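This report refers to the structure that appears directly beneath it.
There are 2 protein chains.
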Amino acid sequence: MRAEALKGHLDGLLLATLEGGPQHGYAIKEALRESTEGHIDLPTGTVYPALHRLERAGLISGSWSVVGGRRRRTYELTAEGRKALSDERDSWQEFAGAVTAALGTRPWPATS
Amino acid sequence: MRAEALKGHLDGLLLATLEGGPQHGYAIKEALRESTEGHIDLPTGTVYPALHRLERAGLISGSWSVVGGRRRRTYELTAEGRKALSDERDSWQEFAGAVTAALGTRPWPATS
DNA sequence: CGCTATAGATAGCGATGCTATGCATGGGAG
DNA sequence: CTCCCATGCATAGCATCGCTATCTATAGCG
């Protein structure tokens, strides 16, 4: 996947991954990789700053813990984050629909 | 539509609009607005630099003409541009599929 | 002891779309 | 006749944001 394609959609993906329950950064990255069959495999230098951004924005809240001698920051969705995720889903539908229409491709998935 | 969402997908949209035949910048902008029912309404400050970029990249070729006293730069797809458009469509399918999967939304369109 | 996986972090960069602004012409409103 | 708007093109400067490269640290395995 082209690197820059993600711009503006990363936040929604992270929020969606946290919807299933609290996770720490590394686990989020892995979960995203697995749920997309390797298509979305974020470098850690993308994940951590993005989580900081989301926390500053109040969409997620983090807390430190120590597991197996390693410190972990576990994040969970805030109420605001759930709202934002819902908005992201709506705007993704709109965006994907508009781009699909403009590109002249069949609505996803193209099975024909 | 959120402004930054377009990042990385603009080129494909412009190329797709030119697929139906040569167009000048302003007409491309209008065609895109109409084909997406107003969802994608690009400011001219986005369109013209993007066209210059595509021309520099050899994906489109432009020529000046004068219509009604106004000068126009009409662009058309090059062979390379057609190839790039095809690639864009593939990568859009892949990207949209991955994001849709990760967001946990139904494949577009969500009619349920 | 070194390598790898796990876990987190940051500086600096580059790409790219947007805002604001400018120029120019033609046509319609007043 | 004059002003404003739509058309048409253009650029400077900005802001955003994901990536690369690099760093720290621990646990476990060979």
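Chains A and B, in that order, are what the protein sequence lines are. Residue 238 is where the first sequence ends in our numbering, and the numbering goes up by one at each step. Residue 238 is where the second sequence ends in our numbering, and the numbering goes up by one at each step. All residues carry an ideal CB built from backbone N, CA and C; glycine is no exception. All values derive from a computational prediction rather than experimental measurement.
**OP:** Name the residue from A:Leu136, A:Ala157 and A:Ser187 whose alpha carbon lies nearest to the alpha carbon of A:Thr204.
**Re:** If you number the first sequence from 1, residue 204 of chain A lands on position 78. Considering only alpha carbons, the answer is A:Ser187.
Subject >> Contacts around A:Ile166, its chain only, beta-carbon distance under 6 Å, and the 5 residues preceding and following it disregarded >> reply: If you number the first sequence from 1, residue 166 of chain A lands on position 40. Cβ within range, chain order: Leu158.
Original post:
So A:Glu202 and A:Gly184 are in contact, right, with Cβ under 8 Å, and what is the actual spacing, rounded?
Top reply: Counted from its first residue, the first sequence places residue 202 of chain A at position 76. Counted from its first residue, the first sequence places residue 184 of chain A at position 58. So it is not a contact: roughly 12 Å between Cβ atoms.
**OP:** Tell me, please, whether the CB atom of A:Leu185 is closer than 7 Å to any CB atom in chain B?
**Re:** The residue given as residue 185 of chain A occupies position 59 in the first sequence. False, the Cβ-Cβ gap to chain B never drops below 7 Å.
Original post:
If you draw a straight line from the alpha carbon of B:Ser217 to that of B:Thr162, how long is it in whole angstroms?
Top reply: For the purposes of this step, residue 217 of chain B is identified with residue 91 of the second sequence, where counting begins at 1. For the purposes of this step, residue 162 of chain B is identified with residue 36 of the second sequence, where counting begins at 1. About 20 Å.
Subject >> B:Thr162 at chain A interface by Cβ criterion, 7 Å >> reply: Within the second sequence, the letter at position 36 stands for residue 162 of chain B. Yes, B:Thr162 lies at the interface with chain A (some Cβ there is under 7 Å from its Cβ).
**OP:** Round the Cβ separation of B:Gly138 and B:Leu229 to the nearest angstrom and send it over; I've been treating them as touching at under 8 Å.
**Re:** As a position in the second sequence, residue 138 of chain B is number 12, starting the count at 1. As a position in the second sequence, residue 229 of chain B is number 103, starting the count at 1. Incorrect: roughly 21 Å between the Cβ atoms, too far for contact.
Original post:
Between B:Tyr174 and the rest of its own chain, which residues show a CB-CB distance below 7 Å, the 5 nearest in sequence each way excluded?
Top reply: As a working note, residue 174 of chain B is residue 48 in the second sequence. The answer, listed in chain order, is Gly151.
Original post:
When the cut-off is 7 Å and only beta carbons count, does B:Arg179 lie next to chain A?
Top reply: Working through the second sequence from its first residue, we reach residue 179 of chain B at position 53. Taking Cβ atoms only, chain A never reaches closer than 7 Å to B:Arg179, which makes this a no.
Original post:
How many whole angstroms separate the CB atoms of B:His178 and A:Ala131, which I take to be in contact at a CB cut-off of 8 Å?
Top reply: The residue you call residue 178 of chain B lines up with position 52 of the second sequence. The residue you call residue 131 of chain A lines up with position 5 of the first sequence. Going by Cβ atoms, the distance from B:His178 to A:Ala131 rounds to 21 Å, so no, they are not a contact pair.
**OP:** Have a look at the DSSP bridge pairing and note the partners of A:Tyr174.
**Re:** Position 48 of the first sequence holds residue 174 of chain A. None, per the DSSP bridge assignment.
**OP:** With 7 Å as the threshold, decide whether the Cβ of A:Leu136 is near any Cβ in chain B.
**Re:** In the first sequence, the residue the question calls residue 136 of chain A occupies position 10. No, no contact with chain B.
**OP:** Measure the C-alpha to C-alpha separation of A:Gly223 and A:Gly171 and round it to an integer number of angstroms.
**Re:** By 1-based counting over the first sequence, the position of residue 223 of chain A is 97. By 1-based counting over the first sequence, the position of residue 171 of chain A is 45. Cα to Cα, the separation comes out at about 30 Å.
Subject >> 8 Å Cβ cut-off: residues of chain A touching B:Leu139 >> reply: Locating residue 139 of chain B in the second sequence gives position 13, where the first residue counts as 1. In chain order: Val225, Ala228 and Leu229.
**OP:** Can you tell me which of the three DSSP states B:Gly188 falls into?
**Re:** Along the second sequence, one-based indexing puts residue 188 of chain B at 62. Strand.
**OP:** Report yes if the C-beta distance between A:Pro148 and A:Thr226 is below 7 Å; otherwise report no.
**Re:** Translated into the one-based positions of the first sequence, residue 148 of chain A becomes position 22. Translated into the one-based positions of the first sequence, residue 226 of chain A becomes position 100. No. Outside cutoff.
Original post:
Taking 7 Å as the CB-CB limit, is B:Leu144 close to chain A?
Top reply: Taking the first residue of the second sequence as position 1, residue 144 of chain B is located at position 18. So, not an interface residue.
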